[in-house]
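Chemist: Mind having a look at this structure? Questions to follow.
Here you go:
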């Protein structure tokens, strides 16, 4: 596709896309401060906070990438009835993300709080409970997904961060429901139990995640090894395709009959935080907009290149991608 076609795609296709993100929802909070002394009551440094900010994390960050690229985005998962949810909800509203699928549980809203001095993270506090949720909560979540799929979605993303949503039963139920409506499923995998993603249309792991399910680790600069790993994952876990992200070395799309290696436009990796979220989001957006998988992988690689050239978790925008394509 040439530059005019890409511009036309974003102007006429993405705003018509409807994508459902279901999985582990998170909010990230950052407190920036100066450290000049130790506490008088304990041998610990004291940070005088001068700035604080929040950003969407995990499945919520995937949804944010989708919304900023122009998609109509719906988010489903578990949250707690607490002040961290209030922060999460405000951020979702700002991005125009539908949050009707957030189910309240007795667990806290998954939150990571970071204390930062200068460019150094000093401390992190996690508010989370990854233990299995009650059956009634899963019933509500599954019902929401099935009801929403009647509204003609173009893609479903399962975002797994091992925080309690993506059980084997639930993943199977979502994949089956989506396929019954002819909707492709893209999975952001986590951990090692990938058999729960069986029959998914695409998995989007990075090399670090891939190495957790291999006996012998591979390197991102070895295209042939990445392709072999992709085919192994397809056979072992019964998934249809793999889009492997390779940081500074680009992406590899492995299908039943082919493998496409796309080098990145940005060779210097400033910060890879959030890049995996962007890959799952933009690849799904491209598929939802009707692009062929190879073109979807190409535009995903462009978006990932933008993200890894930024500092911190960064949600890519439609303008970011278009500018990168035009500069390309």
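Residue numbers (the numbering used here): 60 to 387.
Just so it is clear, CB atoms sit at the ideal spot from N, CA and C, and this is done for glycine as well.
#1: Compute the Euclidean distance between the alpha carbons of residue 182 and residue 110, then round it to the nearest angstrom.
#2: Are the beta-carbon atoms belonging to residue 74 and residue 129 less than 7 Å from one another?
#3: From this set, 91, 380 and 317, which residue's C-alpha is nearest residue 338's C-alpha?
#4: Can you tell me which of the three DSSP states residue 112 falls into?
#5: According to DSSP, is residue 176 part of a helix, a strand, or is it coil?
#6: Would you mind sorting residue 294 into buried or exposed? The rule is 16 or more other CB atoms within 10 Å of its CB.
#7: Just reading off the alpha helix (DSSP H) that residue 384 is part of, what are its end residues?
#8: Let me check one thing: in DSSP terms, what residues is residue 320 bridge-paired to?
#9: In the DSSP assignment, find the unbroken alpha helix (DSSP H) run with residue 294 in it and report its ends.
#10: Taking residue 230 as the reference, which of 66, 80 and 321 has the closest Cα?
#11: Could you round the C-beta distance between residue 244 and residue 254 to whole angstroms and report it? I think they count as a contact, below 8 Å.
#12: Buried or exposed for residue 259, please, with buried defined as at least 16 other CB atoms from any protein chain shown within 10 angstroms of its CB.
#13: Of the residues 349, 287, 250 and 263, which one's Cα is nearest the Cα of residue 317?
#14: Fully enclosed by the segment 187-240, which beta strand (DSSP E) runs are 3 residues long or longer?
#15: When burial is assigned at 16 or more other CB atoms within 10 Å of the CB, is residue 67 buried or exposed?
#16: Could you check the C-alpha separation between residue 340 and residue 190 for me, to the nearest Å?
#17: For residue 376, which residues in the same chain have their Cβ closer than 8 Å to its Cβ, ignoring the five residues on either side in sequence?
#18: Give the range of the beta strand (DSSP E) segment to which residue 157 is assigned.
#19: Which residue marks the beginning of the beta strand (DSSP E) containing residue 246, and which one marks its end?
#20: At which residues does the beta strand (DSSP E) containing residue 135 begin and terminate?
#21: Compute the distance between the beta-carbons of residue 118 and residue 132, then report whether it is under 7 Å.
#22: Going by the DSSP bridge assignment, what does residue 93 pair with across the sheet?
Modeler: With the given structure in hand:
#1: As a working mapping, residue 182 is identified with position 123 in the chain shown. As a working mapping, residue 110 is identified with position 51 in the chain shown. In a straight line, the C-alpha of residue 182 is about 16 Å away from that of residue 110.
#2: Mapped onto the chain shown, residue 74 falls at position 15. Mapped onto the chain shown, residue 129 falls at position 70. The answer is yes: Cβ separation under 7 Å.
#3: Locating residue 338 in the chain shown gives position 279, where the first residue counts as 1. Here the closest residue by C-alpha is 380.
#4: As a first step, residue 112 is located in the chain shown; it is residue number 53 there, counting from the start. Correct three-state label for residue 112: strand.
#5: Within the chain shown, the letter at position 117 stands for residue 176. In the three-state reduction of the DSSP assignment, residue 176 falls in the strand class.
#6: For the purposes of this step, residue 294 is identified with residue 235 of the chain shown, where counting begins at 1. Exposed, since its Cβ has fewer than 16 Cβ neighbours within 10 Å.
#7: In the chain shown, residue 384 corresponds to position 325, counting from 1. Residues 377-386.
#8: Residue mapping note: residue 320 aligns to position 261 of the chain shown, counting from 1. Bridge partners of residue 320: 311.
#9: Here the question's residue 294 lines up with position 235 in the chain shown. Element bounds for residue 294: 282-296.
#10: Sequence index remark: in the chain shown, residue 230 carries index 171 (1-based). Looking at the Cα atoms, 80 is the closest of the given residues.
#11: Against the chain shown, residue 244 aligns to sequence position 185. Against the chain shown, residue 254 aligns to sequence position 195. At roughly 15 Å, the Cβ-Cβ gap does not stay under 8 Å, so residue 244 and residue 254 are not in contact.
#12: Taking the first residue of the chain shown as position 1, residue 259 is located at position 200. Buried, since its Cβ has 16 or more Cβ neighbours within 10 Å.
#13: As a working note, residue 317 is residue 258 in the chain shown. The shortest Cα separation from residue 317 among 349, 287, 250 and 263 belongs to 287.
#14: 214-218
#15: The residue labelled residue 67 in the question sits at position 8 within the chain shown. Counting Cβ neighbours within 10 Å, residue 67 comes out exposed, since fewer than 16 surround it.
#16: In the chain shown, the residue the question calls residue 340 occupies position 281. In the chain shown, the residue the question calls residue 190 occupies position 131. If I take the Cα positions, the gap works out to 27 Å.
#17: Mapped onto the chain shown, residue 376 falls at position 317. Closer than 8 Å at Cβ, skipping near neighbours: 127 and 128.
#18: For the purposes of this step, residue 157 is taken as the residue at position 98 of the chain shown. 157-164 is the span of the beta strand (DSSP E), which, as asked, contains residue 157.
#19: As a first step, residue 246 must be located in the chain shown, where it is residue number 187. It spans 244-247 - the beta strand (DSSP E) in which residue 246 sits, taken as one unbroken run.
#20: Here residue 135 is taken as the residue at index 76 of the chain shown, counted from 1. 131-139 is the extent of the beta strand (DSSP E) around residue 135.
#21: Walking along the chain shown from the start, residue 118 turns up at place 59. Walking along the chain shown from the start, residue 132 turns up at place 73. No, the Cβ-Cβ distance between residue 118 and residue 132 is not below 7 Å.
#22: Within the chain shown, residue 93 is the residue found at index 34, counting from 1. DSSP lists 107 as the beta-bridge partner residues of residue 93.
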